[in-house]
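As structure tokens, the structure follows; a few thoughts come after it.
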């Protein structure tokens, strides 16, 4: 989220697309309802099915799964055709005026491809996707937006094909519904209005997931909604602390706080890493301070300038998505490359794509450790109903884990708000918190390394483990601290050894500071709670809300530096004045000669009108401008491609699916394998999703009787038209099959699903909640037995939302 | 000054937090359910399910509507359950209609009398069979509300669809909301519970007529015609006494008399 | 769906109706024939009091808290038909027991030689026997209330099949009298009546055949009345009780209760007995087998009616 949950109340229009907040983020509806009550805001839901969110929305528009880009493209086309974009914002705060390389060509010219496509490697040479620069390296701009090479004109040309008719025929969204949505949301292009877009896995879990998000981010730039109260690009994270785990680098390609994981081929030493990973402009020029402080936090006194601050101790990767991402990891297990698996509160046998394949891969492991609070289909995969335990050689260790309420910690909301949570109950039996477990394991590991040596024992033995399992000390390390006494140029002591740093602006690249996660820096130091009490920042519960915008700066701590809305320079116009009185967040105080307001400025506090970069709000980017033109693996502008499994051909070009899609082809043709279905066998589009009543892969919810009674089993929702075609009655048991497998579930026949008219063809869509397995009080067919091993072209995120199935009555 | 619960169904999104919070606070066990082709479960209110969301799908032309109704005891001013209770175990106390669990005999009469199907006395026993006990229903979390806490369901509602407070204040709020809804594309919006059965202590803001949600448009008191019912039975007995018995046996007597007369 | 009231209540409503109906019938026949059938009310009391006691047992058995049944008699709640019904049931049974005692005291012939406890009791209460006439009027009034109550109990609810339908008490009353008389006929025809007669010092004189004949005609009339009321009840439900009423009719006529309704209530309880009775009434002498059969079927029909309405009413 660029904004906050509480900031939703400032919205004039809330567009929900690819999310279902009523069911999966119900607390957000409190704030949306506030916007509706207090400012007459509209809620728009765009979704393949009529959800519980749609039930209270002002506008509901159906859209076939996997066609978000066609919809957003149509929306951008509508905005530009009707000159509804926020001109001052677009000209000043985005790269719309930047000129692009003359050699650049797009799908309009190349039938679906961008310039530079290499058919053999299925990838692009991106050299033409670049800004034009003059001799000094400065980017050429045309602030009238008229130059045919400028981003705005290229954008206009690109999306001119995304007409209302095209949207209707690709998305299956009725014309009048599209117009209703477009009119309502484009109205937020007015300078005094803002609109927010809320998205979740419905946006991201696609072969074009990255570009889906790019598309909606571009809409928000065109309409001038980003960085402003009631606006923004708002990802509703799927778990209460998924933001925290991402910040802490749960993904393979980053280390904490969004720095690239060192690559063996690319980064032979610290200097090369810093050289290649530090951009020439923007705030990331400070990356060396952040990385060195991270290394100091991890290796303490073993990290010195002489040994590159232990850079060599960092594990290095030697590949990308094809090697390390989720699907690739299970292929590696399947091939026997990976022999052991440590699972912390995850449930791949339910949650993984093509879960039958992944479940079967687990059988090939030598050993598996699972930290869990309840039996799941993963902890007990070796005794699943379709498995003969005698045939499994995997040694499984179950470590009983404490539940979130049974341990002290912080969680980070989608709005980057870090909140402390005390332990409120003792874990049952032998269960313990993750920190305690890791501490015990580390100590035993260290003993083994000490006794037996092994490969690079110093990387393990040299770790700074002085915190042990002490939660307080770990938080201090994450916050960052001085490793030695440091004085400024005037000889004043700015920090003493062990003292926490105030925030990341204090971090140094000389080893005098240590910091476990620079973006969190400041979250553990005492801060004012608004009532004059100094309280650990993320433990604060101050209620004061200056400006009454829901910023609540004294409640918890929002990274970075307690900033509630990022890019908030955009909340003021090109002169530094608020766009409107009721949404004044920060502004330039000419008298005081500084930025002031109700949020921490995401900007240099004293940079005033006339200063260079005064209109460069996107400080993390070298050019300082919001990227309407932004390079991704499949192109700088999102282009509609069909999902890999689709019942129709692409109406926009002859390129059927994302040309850089990540595909695997192991054991295809076999019962359990990377099979891809065709629409003659599997004519129905299927999506998977979650229910309000259950949580993710079920470990936390399917054993709870009160939840199990509300949603006791798996079902498939379908339209009455499809049910009639297939002779299925509501409540009957049916079999849903895909190229990967089949499951038996209950049929829910409902008018909330409607067939789509796509290109004159009737396309049926069904949907299945994916929480369930054979484990639990609430149980049933596992929806992910049906999903494919296909990943987005940039991140490898699996396609869970658009694949092909067939449905038949269970005999 | 009585309190009331305000339920704004135009805001309810059927997350069912209220349903679970109710079970948790009141220590009611879960029911064994299966999916019957609906999101709705348990299918009905019961002695251990005191509130639940009823899901109703409705087609209006090309559009589909999904209506959610938070069901539960209305704590009627003219409470049918209280009227028919043979032992006086059910009583009206301020806004509460309460069942004295020590005095109730579990006859089940209130179950049949309730216009809202909100009170029940059948339990699922451990072995899966059914077992009758005392009548149970929503108690407005009397242990919370008498200690200045809102009922558990109100406390948990994330959509701000539930309110608890002085009935007049709730009525004013509900009317304002109905006005807003009527002016913004919901011409059928209405307030339910202000006058029904002498005034309910659950007030609903509805966007469609009550029966579209499964509520009785005009709920009636179970004993509103009980005098006439007694009369009907007695009159029928009288008619039966008069027609076959009086006519036939008088005739027989007359016949016997005349026959006897002839004989003598 | 969950049924709160099951077979215990079905049987209870059935036999309470029979008990009240039997006394109602016996009392009226006696009175309308100039006290020529004094043994009939006695036989009826002797039959109905045990029935009422059995019914009360079923009622208690059906309670969620059986040991608290006495709570019923700590309150007198006019608004609650169940409270009223409990009192009616209690008084009907008590009054019946007193009547039996008084009748017995009158006919008790103590052995002069050895006064026993029984003879003393008989001597003490014998003077009160004069009031037995008043008591039987009271018993009659209680019988009317008792049979009305079985219908009022259901109609004072909010179940569409029962609620506020004035013809429901009428239907139950008609059925109660019909089944009450059927039981009386069975008792009289099987000689049980004469046995009971002897208990009160009677001579076991048979009921005159004219009376039995008239009872047969009366039964036909009752059957017709019940059909009229039943049709009226169904029409009321179907056309004047909204969608829920129509749904209730569907439960009875085409739904889960249709077999019991058409087969049990209509065919077994009304049509076949009527045919048998009409055939029997045409002959000079009643065919005993046919009379017994029709009385039994009427009784069964009453059971089916209670089952269809009580169970079906909870399925709407």
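Protein chains in written order, with the numbering used here: chain X, 99 to 909; chain A, 15 to 278; chain P, 944 to 1259. Don't be surprised by glycine CBs; every beta carbon is placed ideally from N, CA and C. Every value quoted in this text rests on a predicted model; they were computed, and no experiment measured them.
Neighbours of residue 267 of chain A in chain P, taken as residues whose beta carbon is under 8 Å from its own, are 975, 976, 977 and 979 in chain order.
Secondary structure note for residue 218 of chain A: its beta strand (DSSP E) is the uninterrupted segment 216-220. Taking a cut-off of 8 Å on C-beta distances, the region 1248-1255 of chain P touches the region 1196-1209 of chain P, as three or more cross pairs fall below it. With respect to chain A, the C-beta atom of residue 815 of chain X has no partner C-beta closer than 7 Å. The shortest CA-to-CA distance from residue 1219 of chain P to any of P:1237, P:1231 and P:1211 is the one to P:1237.
For residue 160 of chain X, there are no C-beta contacts with chain A under 9 Å, since the nearest C-beta of that chain is about 10 Å from it. Following the DSSP letters along the chain, one finds residue 1153 of chain P inside the alpha helix (DSSP H) bounded by residues 1152-1183.
Interface residue (Cβ-Cβ distance to chain A less than 7 Å): residue 948 of chain P is classified as such.
If you check the CB distance, residue 101 of chain X and residue 330 of chain X come in under 7 Å. Counting only runs of 3+ residues, the beta strand (DSSP E) found wholly inside the region 491-532 of chain X occupies 493-498, 507-510 and 515-519, in chain order. Here DSSP, grouped into helix, strand and coil, assigns residue 839 of chain X to strand. For the C-beta of residue 259 of chain A, the chain P residues within less than 8 Å are, from N- to C-terminus, 968, 971, 972, 975 and 1161. Distance from residue 167 of chain X to residue 252 of chain X at the Cβ level is roughly 16 Å; contact not present, criterion being Cβ atoms closer than 8 Å.
Taking a C-beta distance under 7 Å as the contact criterion, residue 494 of chain X and residue 536 of chain X do not qualify as a contact pair.
The DSSP-derived three-state label of residue 99 of chain X is coil.
In this structure, residue 1211 of chain P lies away from residue 1175 of chain P, with their beta-carbon atoms at least 7 Å apart. Close to chain A, meaning a Cβ-Cβ distance shorter than 8 Å, is no residue of the region 1031-1046 of chain P at all.
Of the other Cβ atoms in all chains shown, 16 or more fall within 10 Å of the Cβ of residue 869 of chain X; this residue is therefore buried. A direct Cα-to-Cα measurement between residue 172 of chain A and residue 25 of chain A gives close to 10 Å. Of all residues in the region 241-252 of chain A, only 242, 243, 244, 246, 247, 248, 250 and 251 come within less than 7 Å of chain P when Cβ atoms are compared, listed by chain position. Within the region 16-49 of chain A, the residues whose Cβ lies closer than 8 Å to some Cβ of chain X are 24, 25, 26, 27, 28, 29, 30, 31, 33, 34, 37, 38, 43, 44, 45, 46, 47, 48 and 49, listed in chain order. Excluding sequence positions up to five before and after residue 361 of chain X, its CB lies within less than 8 Å of the CB of 414, 415 and 416, all in the same chain and listed in chain order. Using beta-carbon distances, residue 846 of chain X counts as an interface residue toward chain A, with a partner under 7 Å.
Contact of residue 1102 of chain P with chain A is assigned, a C-beta pair being separated by under 7 Å. When rounded, the separation of the alpha-carbon atoms in residue 648 of chain X and residue 754 of chain X is 45 Å. Within chain A, 119 have C-beta atoms less than 7 Å from the C-beta of residue 1011 of chain P, given in sequence order.
By the criterion of a C-beta distance shorter than 6 Å, residue 1003 of chain P is surrounded in its chain by 1009 and 1012, once the five residues flanking it on both sides are discounted. In summary, residue 109 of chain A is buried, with 16 or more beta-carbon neighbours lying within 10 Å of its beta-carbon over all protein chains present.
Secondary structure note for residue 225 of chain A: its alpha helix (DSSP H) is the uninterrupted segment 224-227.
In this structure, residue 339 of chain X and residue 509 of chain X form a Cβ contact; the two beta carbons are roughly 4 Å apart against a cut-off of 8 Å. The DSSP-derived three-state label of residue 31 of chain A is helix. For residue 314 of chain X and residue 335 of chain X, the gap between their C-alpha atoms comes out near 16 Å.
In the structure shown, the three-state DSSP call for residue 846 of chain X is strand. Counting along the chain, the unbroken alpha helix (DSSP H) around residue 571 of chain X starts and ends at 569-577. Taking a contact to require three or more Cβ pairs closer than 8 Å, the region 260-272 of chain A and the region 1091-1102 of chain P do not qualify as touching. Beta-bridge analysis with DSSP links residue 239 of chain X to X:196.
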